[in-house]
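Asks:
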Amino acid sequence: MDPSTGDGGTSRGVVASTVGAVDHLHQLLKSGVTYVRECGSSFDIDIALKALKDQGQLKQVPQIMPSGKFFSMTGGHGDMPNAAYVVDSPDEMRKAVRTALKKGAKAIKVIATGGVMTPNDFMDDPQLSVAEMHVAVEEAHHKGQIVAAHAEGNPGIMNAIQAGVDSVEHGFYVNDEEIDLMLKQGTYLTPTLVADWAIPTFAKGKIPDWEVKKAADALDDLYKNIMHAFHRGVPLTLGTDAGTPFNDFTMAPVELQLMVEQGMTPFEAFSTSVNGTKLMGVDDQYGTLEKGKFADFLVLENDPMADVKAFQQKDKQVYQGGKRQY
Numbered sequence: 001m002d003p004s005t006g007d008g009g010t011s012r013g014v015v016a017s018t019v020g021a022v023d024h025l026h027q028l029l030k031s032g033v034t035y036v037r038e039c040g041s042s043f044d045i046d047i048a049l050k051a052l053k054d055q056g057q058l059k060q061v062p063q064i065m066p067s068g069k070f071f072s073m074t075g076g077h078g079d080m081p082n083a084a085y086v087v088d089s090p091d092e093m094r095k096a097v098r099t100a101l102k103k104g105a106k107a108i109k110v111i112a113t114g115g116v117m118t119p120n121d122f123m124d125d126p127q128l129s130v131a132e133m134h135v136a137v138e139e140a141h142h143k144g145q146i147v148a149a150h151a152e153g154n155p156g157i158m159n160a161i162q163a164g165v166d167s168v169e170h171g172f173y174v175n176d177e178e179i180d181l182m183l184k185q186g187t188y189l190t191p192t193l194v195a196d197w198a199i200p201t202f203a204k205g206k207i208p209d210w211e212v213k214k215a216a217d218a219l220d221d222l223y224k225n226i227m228h229a230f231h232r233g234v235p236l237t238l239g240t241d242a243g244t245p246f247n248d249f250t251m252a253p254v255e256l257q258l259m260v261e262q263g264m265t266p267f268e269a270f271s272t273s274v275n276g277t278k279l280m281g282v283d284d285q286y287g288t289l290e291k292g293k294f295a296d297f298l299v300l301e302n303d304p305m306a307d308v309k310a311f312q313q314k315d316k317q318v319y320q321g322g323k324r325q326y
């Protein structure tokens, strides 16, 4: 997606989108992200790029867990050109998810609610049904893959959790009833604070006013509800929703800063990256420096456990598998 546009650049063609995606992968690794979980890619570009990465033809990019296109109802938040499988029943969902898995998707992304970037829906609009999302979970889990839900408001967050998704993305209005079920089921929560913060911070007068207002009106609630979920023990993962307006692919260090500003310690904030490897099922090889794992690490001038802004160092050294990439 393209963070310089109000729609994420979803109207672009496949060539422009692919060129942009490669550049974004370079930006991610240079910023310190060595493994990325994709949550929706136009034209299934991420699946193709993962194949090139695995073949050694695409260098200086993170490891990729691809999702391919996401799954939306007709007219839903994700119903954008070339970006989604549009499904309107459990049977349609089943066929679409099977198709995505056949192509190589490893992380299915379903759209449970409206959102910020679409003009005709809101965060509390429920979209895909419990039955539709449950089918996605069933099919993905049969193949050992995971399911994430774009879910910002209610009752869509609860619908997604009841469907059995592995992670809730955004979770602006997550409540205690939902937290109870997340704790019972082991559901992860990816706050993407920086995605909502960036719009009122940088986008006024540059994207539609309705889009800025949606984000600005929700920001304080997002902070409060996410921190409540964190203090209750919901495992948070590190993610930025990169590609949304003015939220480029270098913002993971800023996400950590926002977490600390809301009350986490730097260590607690950074531990969300370890939770991400657990969600993806790769924590036996990634996430911590220990014998038997790939040596992905950063070399910084200052101690990020003393000042989380140390992660924002522009010329940080980035190592992947023990080899310096930047």
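Going by full-length UniProt numbering, the first residue of the sequence shown is number 1, and it counts up by one from there. We treat Cβ as the ideally placed atom computed from N, Cα and C, and that holds for glycine.
Which residues in the same chain have their Cβ closer than 8 angstroms to the Cβ of I146, if we skip the five residues on either side of it in sequence?
Replies: K106, A107, I108, A140, D166, S167, L279, M280, G281
Asks: Just verifying my parser: in three-state terms, what is the DSSP assignment at T277?
Replies: helix
Asks: Residue range of the beta strand (DSSP E) that I108 falls in?
Replies: 107 to 111
Asks: With respect to the alpha helix (DSSP H) encompassing V15, which residues constitute its N-terminal and C-terminal limits?
Replies: 14 to 31
Asks: What three-state label does DSSP hand A126 in the structure shown?
Replies: Before going further, note that residue 126 is Pro rather than Ala in the sequence given. Residue state for P126 is assigned as strand, using DSSP reduced to three classes.
Asks: Report all residues from its chain with a CB closer than 8 angstroms to the CB of Q262; omit the five preceding and five following residues, and keep chain order.
Replies: So the qualifying residues of the chain are L193, Y223, I226, M227.
Asks: If you reduce the DSSP assignment to three classes, tell me which class M242 lands in.
Replies: The sequence shown places Ala at residue 242, not Met. Strand at A242.
Asks: Where does F249 fall in DSSP's three states?
Replies: coil
Asks: So the beta strand (DSSP E) A149 belongs to, where does it begin and stop?
Replies: Secondary structure note for A149: its beta strand (DSSP E) is the uninterrupted segment 146 to 151.
Asks: Using the three-state DSSP reduction, which class does V299 fall into: helix, strand or coil?
Replies: Residue state, collapsed to three classes: strand.
Asks: From Q63 to K53, what distance separates their C-alpha atoms?
Replies: Each residue's Cα considered, the two are about 8 angstroms apart.
Asks: Would Q60 be called buried (16 or more neighbouring beta carbons within 10 Å of its own) or exposed?
Replies: exposed
Asks: Can you say whether W210 is buried or exposed, counting buried as having 16 or more other CB atoms within 10 angstroms of its CB?
Replies: exposed
Asks: Taking a contact to mean a Cβ-Cβ separation below 8 angstroms, would you say L236 touches P266 in this structure?
Replies: At least 8 angstroms separates the beta-carbon of L236 from that of P266.
Asks: Spatial neighbours of Q312 within its chain, please: C-beta separation below 6 angstroms, excluding the five flanking residues on both sides.
Replies: For Q312, where only same-chain residues beyond five positions count, the Cβ hits under 6 angstroms are P253.
Asks: Rounded C-beta distance between A295 and G322? I'm assuming under 8 angstroms.
Replies: 4 angstroms
Asks: Taking the alpha-carbon of K214 as reference, which of L128, M73, T250, M117 has the nearest alpha-carbon?
Replies: M117
Asks: Can you tell me the Cα-Cα spacing of R324 and G171, whole angstroms?
Replies: Straight-line Cα distance between these residues: approximately 36 angstroms.
Asks: Write down the C-beta distance between V234 and L181 rounded to the nearest angstrom, noting that I regard them as a contact closer than 8 angstroms.
Replies: That belief does not hold up - the Cβ atoms of V234 and L181 are roughly 10 angstroms apart, past 8 angstroms.
Asks: According to DSSP, is I207 helix, strand or coil?
Replies: coil
Asks: Closest by CA to G205, which one among A84, K69, P245, R37?
Replies: P245
Asks: Could you tell me the alpha carbon to alpha carbon distance between G104 and G68, rounded to whole angstroms?
Replies: 8 angstroms
Asks: Are the CB atoms of T74 and D88 within a distance shorter than 8 angstroms?
Replies: yes
Asks: How many Å lie between K316 and S31 at the Cα?
Replies: 8 angstroms
Asks: Mapping DSSP to helix, strand and coil, what is K323?
Replies: strand
Asks: Do D121 and H77 have their C-beta atoms within less than 8 angstroms of each other?
Replies: yes
Asks: What is the rounded straight-line gap between the Cα of G292 and the Cα of D283?
Replies: 11 angstroms
Asks: Measure from the alpha carbon of L49 to the alpha carbon of each residue in V130, L25, S273, D307, then state which is nearest.
Replies: L25
Asks: Return helix, strand or coil for Y223, following the three-state DSSP convention.
Replies: Residue state, collapsed to three classes: helix.
Asks: Nearest-angstrom Cα distance between V274 and T288?
Replies: 7 angstroms
Asks: For T18, which residues in the same chain have their Cβ closer than 7 angstroms to its Cβ, ignoring the five residues on either side in sequence?
Replies: If the five residues before and after T18 are omitted, its C-beta is found closer than 7 angstroms to the C-beta atoms of I45, all from its own chain and listed in chain order.
Asks: Who does H77 pair with in a DSSP beta bridge?
Replies: Answer is none; H77 lacks a bridge partner.
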